[in-house]
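Residue numbers (this note's numbering): 1 to 463.
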Ligand SMILES: [Zn+2]
């Protein structure tokens with residue numbers, strides 16, 4: 001598939017607005033592929049041609065406003081849409097392949113008991129799961145229906161209800177970017193609780209059940225404390241209904257902040273007695289992903305070149321909140337001594353780059369230089385900015401930003417404007433300042449280059 005350019009994304013977002021997605025997935029078609037039927041309602045502002053993103057194993061049929069579209073016109077994951085009306089409906093019927101690389105709808109078989117589990121990772125490969133307009137600033141509500149083997153539990157962004165044996169209906173979501181859509185299905189072991197009116201769930205594969213049970217109290221306790229703190233700091237209720245934390249197999253990153261259903265690597269379900277350091281890291285990942293529910297999910301970057309801000313903010317808040325409201329009060333020392341070294345090491349290389357303002361022309365380019373600088377140097381920069389503005393103004397700016405752009409998209413410039421108004425201070429010219437501070441790290445400490453993803457990277461738990 002060609003990488004979406006920023007110009008293509010701007011043109012498409014100017015031309016169309018997506019009203020809703022209705023996604024029906026059938027996971028009972030064998031272990032190689034699943035059936036995906038998507039109905040998208042969208043408006044055309046200018047009646048200009050547009051295109052849909054879809055990457056199927058087989059494209060069965062496409063209808064646009066009840067007229068068939070020639071499926072042989074699908075090229076490189078794009079389907080041209082012509083003759084658009086003010087209001088449009090496109091229906092796409094396809095067979096999609098399960099993935100085994102952690103992207104798309106990943107299917108894993110537990111070698112311990114032979115049971116199969118699937119989960120969706122839509123960050124960039126959303127068109128491998130359902131047809132869509134795959135860019136962060138075309139948000140829409142989702143209605144998802146899933147047919148799954150009867151022994152499966154199904155989870156997703158909206159609360160899941162089994163409406164008949166093996167058929168699950170997920171509650172309609174708030175407007176979401178395509179890359180947040182997830183689905184978790186399998187004979188998962190589940191633990192449920194509630195905090196402050198928010199239904200909570202912890203989930204893992206059956207063979208890890210005793211280990212999750214052992215740590216469930218700690219995980220629920222950290223989750224509850226983080227919710228209380230984010231509610232206090234942001235003054236906005238958690239907006240996505242239920243909050244599930246699914247520890248999924250063969251996840252190739254640390255975690256992903258899908259609204260309402262965060263997926264984590266099940267390496268974070270500890271099979272052996274864990275050190276305090278490992279438990280603190282896990283608590284920080286919980287806090288990091290929860291910060292994204294507001295900053296990232298409720299308000300989302302307009303384009304991928306602000307992904308660093310998404311991650312740096314979650315990194316900063318994750319360490320801050322973990323140190324202040326969980327038993328792991330010294331986690332910031334871990335950041336200073338170890339985690340930040342990841343960014344420092346990246347800063348020593350010829351591939352070093354400014355934290356912000358890297359000016360990506362397409363989605364892949366935006367993610368090429370996405371590394372420890374984007375997480376930890378960015379987080380350290382935000383902490384410096386907090387010191388410059390004062391905590392009250394820093395938070396007031398963030399709250400203003402979250403209110404102003406709820407369920408929409410925003411940029412670094414928007415956030416800086418909120419900080420300017422909240423603090424009365426001039427623009428900190430963040431990109432240039434950060435760019436000028438290169439080369440201050442020291443090399444040689446263990447690190448792992450972050451894979452280009454909009455979520456917590458597994459650097460810390462990889463060694
Ligand atoms: Zn993250």
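For glycine and all other residues, C-beta sits at the position ideal for the given N, C-alpha and C.
- Distance between residue 209 and residue 194, taken at the CA atoms: about 20 Å.
- If only complete runs of 3 or more residues are kept, the stretch 206–286 shows the beta strand (DSSP E) at 243–248, 261–265, in order along the chain.
- In this chain, the beta strand (DSSP E) harbouring residue 19 covers 16–26.
- Between residue 351 and residue 369, the beta carbon gap of about 6 Å places them in contact (Cβ cut-off 8 Å).
- Rounded to whole angstroms, the separation of the alpha carbons of residue 262 and residue 247 is 9 Å.
- DSSP, reduced to helix, strand and coil, places residue 60 within a strand of the structure shown.
- In this structure, ligand 1 has no non-hydrogen atom nearer than 7 Å to the beta-carbon of residue 108.
- Distance from the Cα of residue 419 is smallest, within the candidate group 197, 101, 64, 391, for 391.
- When C-alpha distances from residue 97 are compared across 70, 125, 215, the shortest belongs to 125.
- Short of 6 Å from the beta carbon of residue 252, and not among the five residues preceding or following it, lie these beta carbons of its own chain, in chain order: 102.
- Measuring C-alpha to C-alpha distances from residue 181 to each of 393, 133, 56, 63 identifies 133 as the nearest.
- Of the residues 83, 118, 166, 258, the one whose Cα lies closest to the Cα of residue 50 is 83.
- In the DSSP assignment, residue 32 falls outside any alpha helix (DSSP H) and carries neither an H nor an E.
- By the 16-neighbour rule on beta-carbons within 10 angstroms, residue 61 is exposed.
- With respect to the 8 Å criterion, residue 234 and residue 260 are not classified as neighbours on the basis of their beta carbons.
- In the structure shown, the three-state DSSP call for residue 350 is coil.
- Contact check between the stretch 327–346 and the stretch 404–417: fewer than three CB pairs, one atom from each, fall below 8 Å, which does not count as touching.
- Of the residues assessed, residue 150 falls on the exposed side of the cut-off, its CB having fewer than 16 other CB atoms within 10 angstroms.
- By the neighbour-count criterion, in which 16 or more other beta carbons inside 10 Å mark a residue as buried, residue 229 falls on the buried side.
- At least one heavy atom of ligand 1 lies less than 7 Å from the C-beta of residue 314.
- For residue 250, the CB contacts under 7 Å within the same chain, skipping 5 residues up- and downstream, are 102, 106, 108 in chain order.
- When the beta-carbon positions are compared, residue 312 and residue 388 stay at least 8 Å from each other.
- Residue 127 sits in a helix when the DSSP states are folded into three classes.
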